[in-house]
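Residue numbers (our numbering): 37 to 292. For glycine and all other residues, C-beta sits at the position ideal for the given N, C-alpha and C.
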Amino acid sequence: MLLEVRNLKKYFVRPKGLFQKSQEFVKAVDDVSFDIATGENLSIVGESGCGKTTLARLIIGLYSADSGEIRMEGGTIVRKNLQMVFQDPYSSLDPRWTVRNILEEAFTLDKENYQSASKRLSRMQELLNEVQLPVDILERYPHEFSGGERQRIAIARALTLNPKLLILDEATSSLDVLVQEQILKLLKDLQRKFSLTYFFISHNMRVVKKISHRVAVMYQGKIVEIGPAEKILQHPGHPYTRELLTAAMEYKTVNS
37 MLLEVRNLKK YFVRPKGLFQ KSQEFVKAVD DVSFDIATGE NLSIVGESGC
87 GKTTLARLII GLYSADSGEI RMEGGTIVRK NLQMVFQDPY SSLDPRWTVR
137 NILEEAFTLD KENYQSASKR LSRMQELLNE VQLPVDILER YPHEFSGGER
187 QRIAIARALT LNPKLLILDE ATSSLDVLVQ EQILKLLKDL QRKFSLTYFF
237 ISHNMRVVKK ISHRVAVMYQ GKIVEIGPAE KILQHPGHPY TRELLTAAME
287 YKTVNS
């Protein structure tokens, strides 16, 4: 098993009101457990505020868990084996940095194997080719690119050290439908080429259907349903899952 999450909890203190005597807690992630097998795509779905992004940030190490365990290949997580692509390519790339600076940053996690500038340059050019961007963009800045191109740069950065697992937090949600399709195709091609495993966070059921092997439904910090994507999306067992799918269908009808 590539990733194992056991009884993970993360609570946040809610700001006290004027007449509130005791602290209240937001149970952002509340006793969550699941596995991801090598080569599998697992999607976490749920409404905003259900805990999806907090869960991802716990796995990547941006938050520390209150309790529970996260293991990768049976041991502790090695940071270079696990990378994240964030929702907004406009804010996830430092506007003051060139593409070279953005990609160079990732090498700090593996200085031993990328000591020489020539080796780093070769790897950067290889990555730009893989995400279908020209190799002569290294001295350009994020504002010079479209949203889809920025997300390709973010994916290249995440792939720099050959990770085994990519967490994609709403990685296509800020892009238009055509560009979403292009990014999904790219992700599928990269998965085949580099034997990647994907952990998707999304509220877009169309994207989830296209990319997922399994789907987990999150509600108020808990996973209320998990199973094969086809089963969850066609025959949901939990009332909340049915509500999500109904809302997605209504949205599609209104915007079609």
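How close, in whole Å, do the beta carbons of residue i and residue j come, if the pair is a contact with beta carbons under 8 Å?
i      : j      : result
Thr277 : Val253 : 5 Å
Ile106 : Val41  : 5 Å
Ala192 : Leu164 : 6 Å
Val81  : Ile259 : Not really, about 10 Å apart at Cβ, beyond 8 Å.
Leu91  : Val65  : 5 Å
Looking only at its own chain, which residues have a Cβ that is under 6 Å from the Cβ of residue i, when we skip the five neighbours before and after it?
i      : result
Val290 : Summary for Val290: the model assigns pLDDT 46, below 50, so the residue's position carries little reliability, and this model does not support an answer.
Lys299 : Residue 299 is absent from the model: the chain starts at 37 and stops at 292.
Val171 : Gln161 and Leu164
Val215 : Gly184
For residue i, which beta-bridge partners are listed by DSSP?
i      : result
Gly263 : Val251
Tyr47  : Lys63
Lys258 : Tyr255
Asp146 : For Asp146, which the question treats as bridged, DSSP gives no partner whatsoever.
Val121 : Leu204
Ile72  : Leu39
Ser238 : Val81
Gly273 : According to DSSP, which records beta bridges pairwise, Gly273 is partnered with nothing at all.
Thr233 : Leu201
Identify, in the order they occur along the chain, each residue of the same chain with its Cβ nearer than 8 Å to the Cβ of residue i, setting aside the five sequence neighbours on each side.
i      : result
Tyr150 : Phe143, Arg156 and Arg159
Asp229 : According to the sequence provided, residue 229 is Lys. The question's Asp does not apply to it. So the qualifying residues of the chain are Glu166.
Leu281 : Met241, Leu269 and Pro272
Phe61  : Tyr47, Phe48, Val49 and Arg50
Which two residues bound the contiguous alpha helix (DSSP H) that contains residue i?
i      : result
Lys88  : Lys88 to Ile96
Met160 : Ala153 to Glu166
Gln218 : Val213 to Phe230
Leu195 : Gly183 to Leu195
Spatial neighbours of residue i within its chain, please: CB distance less than 7 Å, with the 5 preceding and 5 following residues excluded, ordered by chain position.
i      : result
Ala101 : Leu44, Lys45, Lys46 and Leu94
Met37  : Asp71 and Ala73
Gln1   : A query on residue 1 cannot be resolved here, the shown segment of the chain reaching from 37 to 292 and no further.
Thr89  : Asp205 and Ile237
Specify, as a first and last residue, the run of the beta strand (DSSP E) that residue i falls within.
i      : result
Ile106 : Ser103 to Met108
Leu201 : Leu201 to Asp205
Val81  : Asn77 to Val81
Please confirm if the stretch 175-194 is in contact with the stretch 133-151, defined as three or more CB-CB distances below 8 Å between the two stretches. A contact exists between the stretch 175-194 and the stretch 133-151.
Within the chosen definition, does the stretch 231-241 reach the stretch 69-77 through at least 3 CB pairs nearer than 8 Å? yes
Just checking, does the stretch 201-208 make contact with the stretch 112-120 on the three C-beta pairs under 8 Å criterion? The stretch 201-208 is in contact with the stretch 112-120.
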